[in-house]
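**Q** Sharing a structure, written as structure tokens. Questions coming.
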Amino acid sequence: MSVEAPAPPRTPGGGRADRPARRSRRPRGSVTGYLLLAPAGIFLLAFFVVPFYSLVATSLFDPSGSDFRGYEMTYAWGNYVDVVRDYWGPLLRAMAYGAAATAACLVLGYVLAYAIAFKAGRWKNLMLVLVIAPFFTSFLIRTLSWKLILADDGFVVNTLQVLQLLGDDGRLLATPFAVIAGLTYNFLPFMVLPLYASLDKLDPRLVEASSDLYANPVAGFFKVTWPLSLPGVVSGTLLTFIPATGDYINAELLGSTNNRVIGNVIQSQFTDANNYPVAAALSVLLSVLIVVMVLVYVRRAGTEELL
Amino acid sequence: MRWVRDNLVLLLGLAVLVYTFVPIAVVVLMSFNAPDSRLVYSFDGFTLDNWLNPCADPDLCSALGVSIRIGALATAGSTVLGTLAAFALVRHRFRGRSASNLLIFLPMATPEVVLGSSLLALFVASGLAGQLGFWTILIAHVMFCLSFVVVTVRARLAGMDDALEQAAMDLYATPAQTFWRVTFPLVLPGILAAALLSFSLSFDDFIVTNLNSGNTTTFPMYVWGVARVGIPMQVNVIGTLMFVLSIAVVIGVEVRNRRRQVPVA
Amino acid sequence: MSRLAEQEVAGDALGAPASGEEGPYDGLRIRALTKSFGSYTAVRSLDLDIPRGSFFALLGPSGCGKTTTLRMVAGLEQPTSGTITLAGEDITRTKPYRRPVNTVFQSYALFPHLDVAENVAFGLKRRKVKDVAAQVEAMLALVELETQASKKPAQLSGGQQQRVALARALINRPEVLLLDEPLGALDLKLRRSMQIEVKRIQTEVGLTFVHVTHDQEEAMTMADTVAVMNGGVVEQMGAPSELYENPRSTFVANFLGQSNLIEGTVRRRDADLVTVDMHGVTVSVPAHRVHTDGDRGWVGIRPEKVLIGEVGAELDAPGNTVPGGVITDVSFVGVSTQYLVRMPWGQELQVFAQNTGRQRMFAHGEQVELSWRPEYAFLLDASQDVAAGADRVVG
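Protein chains in written order, with the numbering used here: chain A, 27 to 333; chain B, 10 to 274; chain C, 43 to 437.
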């Protein structure tokens, strides 16, 4: 897998501004453009845009309907009130777990990306490969592996108990800690790759210049390195937070029934309870919340270069 | 001690890297495990049985087969559609280009559970609730792989020097020759990377698949199902194989690249 | 072709209108060529005649339109209007892959997936030429890269890549070879040796070379005719020495080397001499070096043509003498000493004195007199910007 794959798209390169010739080259007919784009565009319209419309419609169906009797469109906005009332717990929990895991990923990912970008020397490419490699093994298998590692009579728990860091009947599995740790682990590469892409572009001489101008290493980091890596931080946190908030595999495998998140609820309302309007309303609510949070976050971070 | 202080960041980075490999080590170890019971999950004894009989549970291998078939088809579909779209977006100027970019970007920024439930809502609304299975999974997988293909190929294309194609034209290559002899060979690594990414995304997907699968069982769904009743050790064999295979592919590509361009000091 | 003949051709071309005299011309002829990008005009009604077999340089700062001109000749850019003919044939709208023109790109644009020999063979193979291998071998020998044939471009040094790019274009024996700042990416030392190399190859193969550069020294070293471009038009064209010795505009005077430009008022115009009052000092300029019809103008003199002497000393160069200078800066640069001399009217003039040992060095603050032979001075139009071309980036 190439490193640029899930990383954010590159910023447009610094082409020579004095060459107007370069800017308006390729005066090609737009028809070819449309023809090339059409298959993918139509596919995404049919299986991404239309389904979302369908999801919104479903969320407004009469909740008393069923798969068997069919549903009626009653513009039942009350569905949203109901799902917020019934499921605000899993909803907030998903956001909290997602945020905590994103923060943890940022700390671990920054250290790793920084080490690769500035300290790895000729081992740079190898380390990048190693970052991605574990994630070719199935998500589920890796998560189950954590379940084993954090198990009640496992090595980690026993060690912590011996060190008195964990009570004799204390456990790691089936706690929020385990869920957040699992999320952190699973989404780490989504943080590392964009951070690396940002840091790798950073000229190390800038940091040298800051130390020449009387900045100590800490000031040098916070005044030069960190601000310049912000685009990577923003896309990394988004790429981590969004899937981590929607994920329910970690909550299901590593948590307990007290740790159910919104994803669990949507899944079971759809496939087990066949309660489509409720499930759809939850799903729409989740995406609206995420969109709002992302917009607020991007505006605050002041980075528009996400596309 | 001084060395440790000078290389603190590198050591911390390596520690994080080691941490990412801990579960893999457990998977590899467990693939050689001879467990006493299926419910208590610990290393009880060494055996090669799991490797010699990977299909001890026939359901496992049939699920694996389904995942491979879907992965291959989803990869082919999304790679072709996505590559065409990437060419359109990088090489052509037309109205609605930024809207198209947004359309490509959004599926990547949408939680899987929303992607999956949207599709399910559509299938149910279209009266296909009873038809869920192989084809609905395939459609779902092409949909979420597509954006990743576009982004990957687009990056490769955008990074290509325009002068190369101009040079080809200047050297008497017709537009068709320019494409097949210069453009395509240079974009190919990007397309292959996109295909590899697509396959691994498709093969590994659980959340979207689970919502749209009907009675079809993919490999991740099989693992999910058996997770409650105790996992056959063969699952770890498959996990180990996936890891080894992908490492081999990545290292192979890397070695080839290195051989191609030895930088001159 | 003698230098004199070329100058005549060049001189004709500049003044030539686009009409009428379109006879069979065996070189590259550009008429009324214009290229606009939206509201921005990169090239403005350009006329050029480039004789067959010449080494022609288009010289100008970034954004002057020289690269756009080159790309239109290559067919990589479509002119907004105007024509390009090559050996009498109109190629204005011919596809790039159908014109007998090849380009050495600024970035070299070597195909990274092909080795050196495959890169060089690319054009021949597209035209289905026979005996490709032997020609490639001969061409690689010409650029002294025989031993590198099976390497990939990324394995070569910058200078080697440049030679591959040259070989890849040359092997097609184009009517015209276009070079787009091909030496810009090389370091100074390598650039000097490549300049000599490219010049040698041009003499050997005898093709028409059109070389685009912003480096005036490079243009003057390599080309036998230089056209100085600015703002989409050719300011002046001719042999390097002619451009340098007798610039017609402040831009050329400043962009090619350095000039002292001093404000003056024309007092008398005789048949062969024009007399100018320069802040109260009367100087004369030969009539053929006067490029203005107005009453006012810029008197130009190159710093190395100015002689510096003690007040009242007998002068080596009897002619225009300007008293009352005070030395404000002295820079010793080995072969010469460069002085800044403040004149009574406040302007600082540059003087380069050769270190011949015949004259002592002057010190900061000393009173001096300046003088120059009238035949070295030139007079430019007062309406031109005195600083035009002075802020160029020295390549």
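Here a beta-carbon is modelled for each residue, glycine too, at the ideal position from N, C-alpha and C.
Just so we're clear, the structure is a prediction, and the values are computed from it rather than from any experiment.
I need the boundaries of the alpha helix (DSSP H) containing residue 194(B), first residue and last residue.
**A** Where residue 194(B) is concerned, the enclosing alpha helix (DSSP H) stretches over 193 to 213.
**Q** Of all the CB atoms in chain A, is at least one closer than 8 Å to the CB of residue 14(B)?
**A** Taking Cβ atoms only, chain A never reaches closer than 8 Å to residue 14(B), which makes this a no.
**Q** Given that a residue counts as buried once 16 or more other Cβ atoms are within 10 Å of its Cβ, and exposed if not, what is residue 141(C)?
**A** That one is buried.
**Q** Starting from the beta carbon of residue 139(C), find every residue of chain B whose beta carbon is closer than 9 Å, and list them in chain order.
**A** Going along chain B in sequence order, the residues near residue 139(C) (Cβ under 9 Å) are 177, 178, 179, 180, 181, 182, 183, 184, 186 and 187.
**Q** Closer than 8 Å by beta-carbon distance: list the chain A residues that pair up with residue 219(B), in chain order.
**A** Correct list: 293 and 297.
**Q** Going by CA-CA distance only, name the one from 71(A), 144(A) and 114(A) that's closest to residue 17(B).
**A** Ranking 71(A), 144(A) and 114(A) by Cα distance to residue 17(B) puts 144(A) first.
**Q** Which residue from 201(C), 240(C), 286(C) and 268(C) puts its Cα closest to that of residue 33(C)?
**A** Outside the displayed span of chain C (43 to 437) sits residue 33(C), for which this structure offers no information.
**Q** Among 422(C), 387(C) and 397(C), which residue has its Cα nearest to the Cα of residue 331(C)?
**A** The option with the nearest alpha carbon to residue 331(C) is 422(C).
**Q** Note down, in chain order, every chain C residue with its Cβ under 7 Å from the Cβ of residue 172(B).
**A** Simply 147, 149 and 151.
**Q** Going by Cα to Cα distance, which pick from 57(B), 101(B), 83(B) and 76(B) is closest to residue 57(A)?
**A** Of the candidates 57(B), 101(B), 83(B) and 76(B), the one whose C-alpha sits nearest the C-alpha of residue 57(A) is 101(B).
**Q** Please list the residues of the stretch 166 to 188 of chain A that have a C-beta atom closer than 9 Å to any C-beta atom in chain B, keeping them in chain order.
**A** The residues in question are 166, 167, 168, 169, 170, 171, 172, 173, 174, 175, 177, 179 and 180.
**Q** Under a three-way DSSP split, which group does residue 306(C) fall into?
**A** Note: residue 306(C) maps to strand in three-state DSSP.
**Q** Determine, for residue 274(B), whether the minimum Cβ-Cβ distance to residues of chain A falls below 8 Å.
**A** Because the pLDDT at residue 274(B) is just 33, under 50, the model does not fix this residue reliably, and the point stays unresolved.
**Q** Under 8 Å between C-beta atoms, does residue 191(B) make it to chain C?
**A** True, the Cβ-Cβ gap to chain C drops below 8 Å.
**Q** Return helix, strand or coil for residue 51(A), following the three-state DSSP convention.
**A** Confidence in residue 51(A) is poor, its pLDDT being 43 and thus under 50, which makes the residue's placement too unreliable to answer from.
**Q** Closer than 7 Å by C-beta to residue 264(C): which residues in its own chain qualify, once you throw out the five before and the five after it? Chain order, please.
**A** Cβ within range, chain order: 97, 99, 237, 240, 241 and 253.
**Q** Using the Cα positions of residue 231(B) and residue 250(B), report the straight-line distance between them to the nearest angstrom.
**A** Using only the alpha carbons, I get a separation of about 17 Å.
**Q** Identify, in the order they occur along the chain, each residue of the same chain with its Cβ nearer than 7 Å to the Cβ of residue 121(A), setting aside the five sequence neighbours on each side.
**A** Counting only Cβ-Cβ distances below 7 Å, and skipping sequence neighbours, we find 271.
**Q** So, does the stretch 185 to 196 of chain C touch the stretch 216 to 228 of chain C, judging by three or more C-beta pairs under 8 Å?
**A** Too few Cβ pairs lie closer than 8 Å, so no.
**Q** Could you give the first and the last residue of the continuous alpha helix (DSSP H) run that contains residue 236(B)?
**A** Its alpha helix (DSSP H) spans residues 228 to 236.
**Q** Which full runs of the alpha helix (DSSP H) of 4+ residues lie inside the stretch 173 to 239 of chain C, going along the chain?
**A** Listed in chain order, the complete alpha helix (DSSP H) runs (minimum 4 residues) inside the stretch 173 to 239 of chain C are 174 to 184 and 200 to 212.
**Q** With the cut-off set at 8 Å, would you say residue 125(C) and residue 132(C) are in Cβ contact?
**A** Contact: yes.
**Q** Which two residues bound the contiguous alpha helix (DSSP H) that contains residue 189(A)?
**A** It is not in any alpha helix (DSSP H) - residue 189(A) carries neither H nor E in the DSSP assignment.
**Q** Taking CB distances under 8 Å as the criterion, tell me whether residue 236(B) reaches chain A.
**A** It does; some Cβ of chain A falls within 8 Å.
**Q** According to DSSP, what are the bridge partners of residue 278(C)?
**A** 270(C), per the DSSP bridge assignment.
**Q** Quickly, what does DSSP pair residue 150(A) with across the bridge? List them, please.
**A** Paired residues: none, contrary to the question.
**Q** Closer than 8 Å, Cβ to any Cβ of chain C: which residues of the stretch 197 to 214 of chain B, in chain order?
**A** Against chain C - using a Cβ distance shorter than 8 Å - the stretch 197 to 214 of chain B contributes no residues.
**Q** Once you ignore the five residues that flank residue 78(C) on each side, which residues in its own chain have a CB closer than 6 Å to its CB?
**A** Around residue 78(C): 122.
**Q** Does DSSP put residue 30(B) in a helix, in a strand, or in coil?
**A** Note: residue 30(B) maps to helix in three-state DSSP.
**Q** Let me see if you follow: with CB-CB separation under 8 Å, is residue 195(B) close to chain C or not?
**A** For residue 195(B), the answer is yes, since a Cβ of chain C falls inside 8 Å of its Cβ.
**Q** Between 288(A), 182(A), 254(A) and 153(A), which has its C-alpha nearest residue 263(B)'s C-alpha?
**A** Nearest C-alpha to residue 263(B): 153(A).
**Q** Are the beta-carbon atoms of residue 235(B) and residue 69(A) separated by less than 8 Å?
**A** Going by C-beta atoms, residue 235(B) is not nearer than 8 Å to residue 69(A).
**Q** CA-CA distance, residue 315(C) and residue 334(C)?
**A** Looking at the two C-alpha atoms, the distance is approximately 13 Å.
**Q** What number of angstroms, rounded off, separates the C-alpha of residue 23(B) from the C-alpha of residue 167(A)?
**A** So the alpha carbons of these two residues sit roughly 23 Å apart.
**Q** I'd like to confirm the pairing. Which residues does DSSP put opposite residue 362(C) in its beta bridges?
**A** For residue 362(C), which the question treats as bridged, DSSP gives the partners 414(C).
**Q** For residue 287(A), tell me which candidate among 123(A), 109(A), 90(A) and 72(A) has the shortest Cα-Cα distance.
**A** Here the closest residue by C-alpha is 123(A).
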